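Working notes, beginning with the structure itself.
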Amino acid sequence: MVPRMDRTIASRRYFRFWRASRQIGVRTAVISVVAVAAASIAPYMAPLVPEGLADIVTVDAVTRLLQILASSMLAVTIFSLSVIISARTSASAQVTPRSHQVLIEDRVTQNVLAMFLGAFIFSLVDVIFLGTGLFDGATVTVILGLTLVVIALVIWAILRWITHIAELGSVTATSRKIEAAALAALDARRALPCLGARPLTAGHLEVPARAASFTAWDTGYIQHIDLKTLSSAARSGDGNVYVAVQPGELVSPGDTLVYYTAELDEARLRRAFTIADRRVFEQDPRFGVIVLSEIAQRALSPGVNDPGTAIDILTRLARVLSDYRDETSSEKEPLLPRIWMASVTADELVRDAFDPIARDGAGTVEVQIRLQKTLALLASSGDETMARAARAASDRALRLAQPALALEEHRARVTELAERV
46 MVPRMDRTIA SRRYFRFWRA SRQIGVRTAV ISVVAVAAAS IAPYMAPLVP EGLADIVTVD
106 AVTRLLQILA SSMLAVTIFS LSVIISARTS ASAQVTPRSH QVLIEDRVTQ NVLAMFLGAF
166 IFSLVDVIFL GTGLFDGATV TVILGLTLVV IALVIWAILR WITHIAELGS VTATSRKIEA
226 AALAALDARR ALPCLGARPL TAGHLEVPAR AASFTAWDTG YIQHIDLKTL SSAARSGDGN
286 VYVAVQPGEL VSPGDTLVYY TAELDEARLR RAFTIADRRV FEQDPRFGVI VLSEIAQRAL
346 SPGVNDPGTA IDILTRLARV LSDYRDETSS EKEPLLPRIW MASVTADELV RDAFDPIARD
406 GAGTVEVQIR LQKTLALLAS SGDETMARAA RAASDRALRL AQPALALEEH RARVTELAER
466 V
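For the sequence shown, our numbering begins at 46 and goes up steadily by one.
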């Protein structure tokens, strides 16, 4: 497996390959091809079968076994698809529609479904092969051996599926997956500040007035920026590239993506950016934080009224943000010194995470108490920019809560906690 930090700054081609490999259709297609290949190699393995064993196995017995396997796997595959659809519907209704991405890319679900479909295709192909009457006893014995291996794999997949299906699509399991995605994106940014580029802020090198600009050609979200391609182009053109956007940012035609001082081919610049209709987690830590916050917002809506879930999300957000470190203060040598890029700031992350919860939970005292405790934890996390952002968020939350809380003692309790942040 490629380390996550390397995936974060991977090429656009690898990014697309990586995204495709996490799609259920691609994984199922690969397993199906393997199943057909396994069924096709039986004649070539026949010479390895002892003569005595080949005389025992009959075509009819193996055919019946394969027919049972085929019918069973078709039913199980259809059932599993219905479970996946139900889980997605449940997650969209109870969690947030943005959570469907982690459900679609769930590895256990993909592997199990691919195994079921692969077993069905394997048995179907072998039934057709045996029906031709062209195979001798040795080849039939090989097919039986392969069938027993497939059955063992199917049993393993079913046991794994039973364990996994119990919580598939639940609020807790989905929140856990989104937390892991958000934490991984922030860990990658901490390990590689500004994705390996130099930080571009008001206190650092300004974009030269002579720099040319390259603009977006489509409307959508920046899913991925191939910084290695930009670095290579800047190095070959003996100049610098200043990235004007962040992964996850919405752009439209005419919006500046980069400024550059090198002699660059605009086709090469275009290949460095992936613009699509939705955000993804890999290079976009803010997206994971936003989706977690949306779960809490849904829980606090009048139709759900579940402050316990909102409190759970606040705990998860604390875990995600507690190790944040200001990218502009990193002492690490930039991996791509010819690239300049804005950092993901603590203020952006804190606003994304807590402002919506403070607004929607303004009148719920238990949510406000946990919110102030969470912000106090972040204020003492050791990063000064995070501390300032947490204190500012605490003040905003307090101003929202004061008129919304019904009891004076509740207001006093929240005020007391806010003063400790």
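Where a beta carbon is used, it is the ideal one built from N, C-alpha and C, also for glycine. As the structure is a prediction and not an experimental result, all values here were calculated from the model.
One or two residues paired with residue i in a DSSP bridge
i	result
Thr260	Thr301
Phe318	Ile270
Leu119	Its beta-bridge partners do not exist; DSSP assigns none.
Tyr287	Tyr304, Trp385
Simplified DSSP assignment, three categories, for residue i
i	result
Thr134	helix
Asn156	helix
Pro244	strand
Pro48	Because Pro48 sits at a pLDDT of 46, beneath the cut-off of 50, its placement in the model cannot be relied upon, and the following sentence gives the value as read from the coordinates. Coil.
Leu295	strand
Thr73	helix
Leu467	Not covered by the structure: residue 467. The range shown for the chain is 46 to 466.
Pro253	coil
Phe332	helix
Phe124	helix
Ile113	helix
Glu311	helix
Arg280	helix
Gly176	helix
Leu169	helix
Gln68	coil
Leu275	helix
Leu337	helix
Val140	coil
Ile86	coil
Thr103	coil
Val81	helix
First and last residue of the uninterrupted beta strand (DSSP E) at residue i
i	result
Gln268	265 to 270
Element boundaries [alpha helix (DSSP H), containing residue i]
i	result
Thr217	216 to 236
Val459	453 to 465
Ala442	429 to 449
Thr208	182 to 210
Leu93	Element bounds for Leu93: n/a, residue is neither H nor E.
Ile149	145 to 149
Test: residue i CB closer than 8 Å to a CB of chain D
i	result
Val349	In the displayed structure, chain D is absent; only one protein chain is listed.
beta-carbon residue i near the ligand SAM non-hydrogen atom, thresh 7 Å
i	result
Thr103	With respect to the ligand SAM, the structure shown offers nothing to examine, as it has no ligands at all.
request  = Scan the region 340 to 424 and note each continuous beta strand (DSSP E) run of 3 residues or more that stays entirely inside, going in chain order.
outcome  = 384 to 386
inquiry  = I want to know whether the region 374 to 381 touches the region 309 to 327 - three or more CB-CB distances under 8 Å.
reply    = no
ask   = Taking contact to mean at least 3 C-beta pairs separated by less than 8 Å, is the region 106 to 122 in contact with the region 166 to 173?
value = yes
ask   = Just checking, does the region 274 to 281 make contact with the region 291 to 299 on the three C-beta pairs under 8 Å criterion?
value = no
request  = Pair every Cβ in the region 221 to 239 with every Cβ in the region 174 to 185, then say whether three or more of these pairs are closer than 8 Å.
outcome  = no
ask   = Are the region 139 to 147 and the region 72 to 84 touching by the rule of at least three beta carbon pairs closer than 8 Å?
value = no
message = Assess contact between the region 433 to 440 and the region 394 to 405, defined as three or more Cβ pairs (one per stretch) separated by less than 8 Å. Is contact present?
response = yes
message = Can you confirm whether the region 231 to 239 touches the region 356 to 371 when touching is taken to mean that 3 or more C-beta pairs between the two stretches lie within less than 8 Å?
response = yes
key: Inter-stretch contact at 8 Å, needing at least 3 Cβ pairs: the region 250 to 269 / the region 285 to 292   = yes
message = Count Cβ pairs between the region 314 to 324 and the region 253 to 267 that sit closer than 8 Å; are there 3 or more?
response = yes
inquiry  = Pairs of beta-carbons, one from the region 114 to 131 and one from the region 197 to 215, closer than 8 Å: are there three or more?
reply    = yes
ask   = Is the number of C-beta pairs between the region 183 to 201 and the region 214 to 221 that are closer than 8 Å three or more?
value = no
Inter-stretch contact (C-beta, 8 Å, three-pair minimum) for the region 408 to 425 and the region 350 to 357 = yes
ask   = Are at least three pairs of beta-carbons, each pair with one atom in the region 329 to 338 and one in the region 154 to 165, less than 8 Å apart?
value = no
ask   = For the 8 Å Cβ check, are there 3 or more pairs between the region 192 to 204 and the region 339 to 351?
value = no
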